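Visitor: When we follow UniProt numbering, the leftmost residue of the sequence shown carries the number 1, and every step to the right adds one.
Beta carbons: idealized from backbone N, C-alpha and C, even for Gly.
As the structure is a computational prediction, the values presented were derived from the model and not from experiment.
If you scroll down you'll find the structure; I have some questions about it.
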Amino acid sequence: MALDHPQPENCVGPQSEEAGKASACEGCPNQKVCASGAAKEEDPAVAQVAEQLASVKRKVLVLSGKGGVGKSTVASQLAFGLASRGLRVGLLDIDICGPSAPLMLGVRGEAVHSSASGWSPVWVSVPTDAQAGDGDEAEEGELGVMSIGFLLPDADDAVIWRGPRKNGLIKQFLTDVEWGSLDVLLIDTPPGTSDEHISAVQYMKRALGEHDGAVVVSTPQEASMADVRKELNFCKKTSLRVLGVVENMAPLAVPLQHVRAVDTVGVDVTARLLAAVRAADPALLNECLLETIVFPTGAGSPANAGGSTPGRYAGLAGPERMAAEFGVPFLGKLPLDPAVGRACDAGQAIAALGAHGRAAVAVRALCDRVARALFPDVGADGGSAYRFAGAPDAPHSAGLVGAALAGGGAAAAPMDE
């Protein structure tokens, strides 16, 4: 059975012969359950979840130990991006107290439908990337969304629940939502490493395959990375594969024409600035981005400071170095771009606001890397390299991933880490 409360840091484990008896168990709210031996019995929900998700090819948890780093932004843009590649995608929002998926997927105010077979998610139509030069109309990808946000009488209602009730809803989401056949199920989680995360990993332990895993999101500064390291250690302790680390809110980059300039006393001098640039080089008005570092890049882990291999991480900093220290892939940087905020508030893919913008290019690259990690061999043709939609020097090729999956593409191999 599942434990009602998170396991403490020094827990001997509910399967241990010392469970409920060791000195570390003193004061733990799970002590009585562990001592009785009931915790050693597998929760029947584990088998139910495995059966319910049997038609889901890949499962991805979007995690971070820190709040406010953009997990929901990354999850929603990944969902749009993967669906635009012809994949059938689901997004399950288990941030019970702060559900963002309805807003960020553009389905706020929609209602889920309940039947004898379970809940039906809300479906979103996503235009697929047009195949270069084929002249055909773009097809639409399929994206399903499930969130407690659809179940609240009012979007502004507070969810004031303790752990067991949250766990119960997560179990219900995993056992009762009728996704049908999915290529990818993304699970957007709240910050931290407690109830929701433990419940999701425990309930899904039979449903998670060797190619499933977690995308871990961090911002550049040490205040964020200090907590994200805890999330990476959570993944290690629960044997959850890390698909990679994403650095969100990297340098702020704003088109010159969108900047408001002020002098040292706050007087608006935007017109003077633009006039000076126009006089010097008019092309810069359309070609130039102003970039600045908003969040200072954190150093490496304190545990590695002054280690025996000081040059091992030379040239790396921030989340990229953190990923290297943990031996997991680095999936790239997403800029702090006002267009991302506008896209999320409008419930759109960032590409819908300009496919060639800096943020759109970065999100497309992120989606490509995640797709490769989940389906490394799909579309491989002998010795030729497979190129995903949006990859550098490759034409857009909508639906290639989805078509390959539907045609039973090559069996996926583990990603080299």
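(1) Just verifying my parser: in three-state terms, what is the DSSP assignment at LEU103?
(2) Measuring only the C-alpha atoms, how far is GLY144 from LYS57?
(3) Take every Cβ of the segment 73-88, pair it with every Cβ of the segment 177-186, and state whether three or more of those distances are shorter than 8 Å.
(4) Any idea what DSSP makes of THR292, helix, strand or coil?
(5) Would the beta-carbon of VAL12 fall within 9 Å of that of ALA22?
(6) Go to ARG88, then tell me how far its beta strand (DSSP E) extends in each direction, as first and last residue.
(7) Can you tell me whether VAL62 is buried or exposed? The criterion is at least 16 other CB atoms within 10 Å of its CB, across all chains shown.
(8) With a 10 Å radius around its C-beta and 16 neighbouring C-beta atoms as the bar for buried, classify ARG342 as buried or exposed.
(9) For the beta strand (DSSP E) containing VAL56, name the first residue and the last one.
(10) Determine which residues share a DSSP beta bridge with ILE187 and list them.
(11) CA-CA distance, VAL74 and HIS113?
(12) So the candidates are ALA275, ALA346 and SER218; which of them puts its Cα closest to the Cα of GLY67?
(13) Measure the Cβ-Cβ separation of GLY65 and VAL228 and say whether it is below 9 Å.
(14) Would the segment 41-53 count as touching the segment 154-162 if we require 3 or more Cβ pairs under 8 Å?
(15) Assuming GLU140 and PRO153 form a contact by the criterion Cβ under 8 Å, report the distance between their Cβ atoms to the nearest whole angstrom.
(16) State the beta-bridge partners of GLU140 as determined by DSSP.
(17) Exposed or buried, what is ASN286 when buried is set at 16 or more other beta-carbons lying within 10 Å of its beta-carbon?
(18) Among ALA346, PRO319 and GLN31, which residue has its Cα nearest to the Cα of PRO296?
(19) Let's test the definition: count the other Cβ atoms within 10 Å of the Cβ of LEU284 and tell me whether it reaches 16, buried, or not, exposed.
(20) LEU240: which of GLN257, VAL259 and VAL216 sits nearest, CA to CA?
(21) Can you tell me which of the three DSSP states ASP176 falls into?
(22) On the DSSP bridge assignment, give the partners of VAL145 in chain order.
(23) Is it buried or exposed, CYS25, if we count other Cβ atoms within 10 angstroms and call 16 or more buried?
Guide: With the structure as the only source:
(1) In this structure, LEU103 counts as helix in the three-state DSSP scheme.
(2) Each residue's alpha carbon lies about 15 Å from the other.
(3) Between the segment 73-88 and the segment 177-186 there are three or more inter-stretch CB-CB distances shorter than 8 Å, so the stretches are counted as touching.
(4) Residue state, collapsed to three classes: strand.
(5) It is a contact, given that the beta carbons lie within the stated cut-off.
(6) Start and end: 88-93.
(7) With 16 or more other Cβ atoms from the protein chains shown falling within 10 Å of its own Cβ, VAL62 counts as buried.
(8) Under this definition ARG342 is an exposed residue.
(9) 56-63 is the extent of the beta strand (DSSP E) around VAL56.
(10) The secondary-structure analysis by DSSP pairs ILE187 across a beta bridge with LEU61 and LEU92.
(11) Linking VAL74 to HIS113 through their CA atoms gives a straight-line distance of about 27 Å.
(12) The residue with the shortest Cα to Cα distance from GLY67 is SER218.
(13) At a Cβ-Cβ threshold of 9 Å, GLY65 and VAL228 count as neighbours.
(14) Using a C-beta cut-off of 8 Å, the segment 41-53 makes no contact with the segment 154-162, since fewer than three inter-stretch Cβ pairs fall below that distance.
(15) The Cβ separation is near 31 Å, so there is no contact.
(16) By DSSP's assignment, GLU140 forms a beta bridge with PRO127.
(17) Looking at its Cβ environment, which holds fewer than 16 other Cβ atoms inside 10 Å, ASN286 is exposed.
(18) The option with the nearest alpha carbon to PRO296 is PRO319.
(19) Per the 10 Å Cβ criterion, exposed.
(20) Residue VAL216 is the option with its Cα nearest to LEU240.
(21) Three-state result, ASP176: helix.
(22) VAL145 is bridged to LEU91 and VAL122.
(23) With 16 or more other Cβ atoms inside 10 Å of its own Cβ, CYS25 counts as buried.
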